[in-house]
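For the sequence shown, full-length UniProt numbering assigns the number 1 to the initial residue and increments by one for each residue that follows. The structure under discussion appears below in the form of structure tokens.
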Amino acid sequence: MEEITAFIKGAICDDQCLGRCLYIHGVPGTGKTMSVLSVMRNLKSEVDAGSTRPYCFVEVNGLKLASPENIYRVIYEALTGHRVGWKKALQLLNERFSNGKKIGKEDDRPCILLIDELDLLVTRNQSVLYNILDWPTKPYSKLIVIGIANTMDLPEKLLPRISSRMGIQRLCFGPYNYQQLQEIISSRLKGINAFEKQAVEFASRKVAAVSGDARRALEICRRAAEIADYRIKQQISTVNSSTVKDIVTIAEVDAAIQEMFQAPHVQVMKSCSKLSKIFLTAMVYELYKTGMGETTFEKLATTISCLCTSNGEAFPGWDTLLKVGCNLGECRIILCESGDRHRLQKLQLNFPSDDVGFALKDSKDLPWLAKYL
């Protein structure tokens with residue numbers, strides 16, 4: 001958070017804010033967005049105290065946009081309070097950031113634009129990203145752009161004219177280790193004696209071994225609390241309430257983990273064929289590399305070929321892979337786009353990738369899968 005704070009403070013203290021872009025990347029559930037929003041809350045307190053220069057803050061989530069172009073409309077409405085179509089909004093924003101024309105009451109203040117799920121703004125000609133990342137380079141635009149996405153190499157996948165505007169300022173959020181997860185859970189439970197210390201540590205270690213996703217750790221604790229609540233109510237109705245242990249134990253956390261990771265779909269993945277396991281592993285690996293929620297059969301087949309070659313497995317061929325994909329689709333482990341465009345058919349996982357990791361990491365017949373999960 002210190003790096004984010006330093007970046008923003010350095011930008012808003014610079015009257016021109018020339019070329020200020022920060023790209024934050026990392027696996028899901030590692031606190032990227034939460035950290036930026038926490039910094040913004042701290043800065044707002046400093047502004048209220050008069051120790052930091054006032055600014056305006058606009059937050060946009062790519063998942064909430066009907067189309068990438070709608071971001072212009074959202075930004076314009078946030079700055080002015082008025083609604084217009086995206087084409088008109090683009091025109092007015094160009095005049096504001098490129099030519100210095102005033103469109104709102106706070107135009108003299110620096111504008112911090114936070115774009116979550118930045119990769120969802122990528123279009124065929126990449127014009128949306130180009131416009132947004134070009135604005136900070138204009139004299140006196142006073143625009144600071146912070147982009148967040150899961151994929152590390154998004155800038156390298158963009159056209160040179162766009163990647164050059166993203167600059168070299170990047171910040172990587174790695175998966176949480178068990179101590180960090182334990183601290184996150186404990187902070188949520190501060191002042192509440194609801195969990196055994198060993199139970200929190202157990203949940204943290206289990207999640208850290210699979211994904212390091214804080215959201216998954218918190219979800220396990222939430223479910224463990226529900227299981228404990230049910231157990232306590234049952235015991236109170238049958239025995240003396242003074243003998244009931246009214247705290248979440250390791251047993252409840254383990255039950256929540258078993259429920260989450262021993263679900264039917266996890267068991268299906270554990271017991272599927274070697275080729276199906278390679279297919280799913282390649283899919284997790286491909287989606288992680290790209291930071292996207294879906295891929296095509298053609299891209300996935302290329303990744304499977306690379307994994308097979310690197311680990312001494314024979315590539316099964318396109319026809320066999322199609323059959324494997326169809327079988328996994330019939331089990332609803334993956335979702336397949338309907339139609340007969342086999343090579344360009346879109347595929348996505350129907351469950352979180354860490355469920356796949358949990359199911360396949362300890363595969364005895366294919367131990368090398370763990371490297372890619």
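Idealized CB from N, CA, C, for every residue including glycine.
Here DSSP, grouped into helix, strand and coil, assigns I148 to strand.
The alpha-carbon separation between L129 and R205 amounts to approximately 39 Å. Of all C-beta pairs linking the region 360-371 to the region 278-285, three or more are shorter than 8 Å, placing the two stretches in contact.
Put simply, of I71, S67, D48 the residue whose alpha carbon is nearest the alpha carbon of V58 is I71.
Residues of the same chain with a CB within less than 8 Å of the CB of V27, apart from the 5 flanking positions on each side, are N150, F173, G174, P175, S211, G212, D213, Y288 in chain order. Contact annotation: I24 and I146 have beta-carbon atoms nearer than 9 Å. DSSP places V58 in the strand class (E or B) of the three-state scheme. For Q345, there is no enclosing beta strand (DSSP E), as DSSP marks it with neither H nor E. Residue nearest to I250 within the set F202, V74, L218, S187 is F202 (criterion: CA-CA distance). One thing to note: I184 has its Cβ within 9 Å of the Cβ of L218. Contiguous beta strand (DSSP E) elements confined to the UniProt domain "AAA+ ATPase" (18-172) occur at 20-26, 56-61, 111-116, 143-149, taking only those with 3 or more residues. Taking a contact to require three or more Cβ pairs closer than 8 Å, the region 348-361 and the region 298-313 do not qualify as touching. In this chain, the beta strand (DSSP E) harbouring I334 covers 334-336. In this structure, the CA atom of A208 is about 22 Å from the CA atom of I227.
Spatial neighbours of L189 in its own chain (CB-CB distance under 7 Å, excluding positions within 5 residues in sequence) are listed in chain order as F195. Excluding the 5 residues flanking it on each side, P54 has same chain C-beta neighbours closer than 7 Å at V47, R109, in chain order.
With contact defined as three or more Cβ pairs closer than 8 Å, the region 95-105 and the region 3-14 are not in contact. For D319, the enclosing alpha helix (DSSP H) covers residues 318-330. Within its own chain, the residues whose Cβ lies closer than 6 Å to the Cβ of R83, once the five positions on either side in sequence are excluded, are E77, listed in chain order. With contact defined as three or more Cβ pairs closer than 8 Å, the region 331-347 and the region 263-277 are in contact.
Counting the other CB atoms within 10 Å of its CB gives M269 a total of 16 or more, which places it among the buried residues.
In this structure, the beta-carbon distance from D116 to T33 falls below 9 Å. Around L322, the same chain offers F297, H342 as residues with beta carbons nearer than 8 Å, after the five sequence neighbours per side are excluded.
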